[in-house]
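Going by my numbering, the first residue of the sequence shown is number 637, and it counts up by one from there.
All C-beta atoms in this analysis are idealised placements derived from N, C-alpha and C, irrespective of residue type, glycine included.
Remember, it's a predicted structure, so these values are computed and weren't measured experimentally.
Beneath this line is the structure, given in structure tokens, with notes to follow.
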Amino acid sequence: MKLTEKDVRYVADLANLTLQPQEVTRMVTELGGILDYVEKLNELDTSDVPPMAQVLYPDDETATLRPDRQHTGLGSEVALANAPLSGAGHFKVPKVIER
């Protein structure tokens, strides 16, 4: 897939990143290389590979996890006691995405 500077700027904008012109040029090359590699992976014949829902364990095994345990958590008042801003039982945070 041929990646253009316009594509890189679009992706950077989606990620809320500001790239310098030399970074855009570098990203065209680097991201293009990544996409080329993914294209090569898509060409692999995986018809003999069984589908997998969980890649870490065979069907007859499970992850060793601690047993679930119910406990009482912090109440709203305790959790919000040191919050710089709160209201209506929630943390208030400054806006971070400018769109």
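| Item | Value |
| --- | --- |
| Same chain only: Cβ atoms within 6 Å of LEU721, ignoring 5 sequence neighbours per side | LYS728 |
| CA-to-CA distance, ALA715 to ILE670, given in whole angstroms | 43 Å |
| VAL674 beta carbon less than 8 Å from that of GLU641 | no |
| Burial state of VAL685, where buried means 16 or more other Cβ atoms lie within 10 Å | exposed |
| DSSP beta-bridge partners of SER722 | PHE727 |
| Beta-carbon spacing of LEU655, ALA648 below 8 Å | yes |
| Per-residue DSSP class, three states only, for GLN656 | coil |
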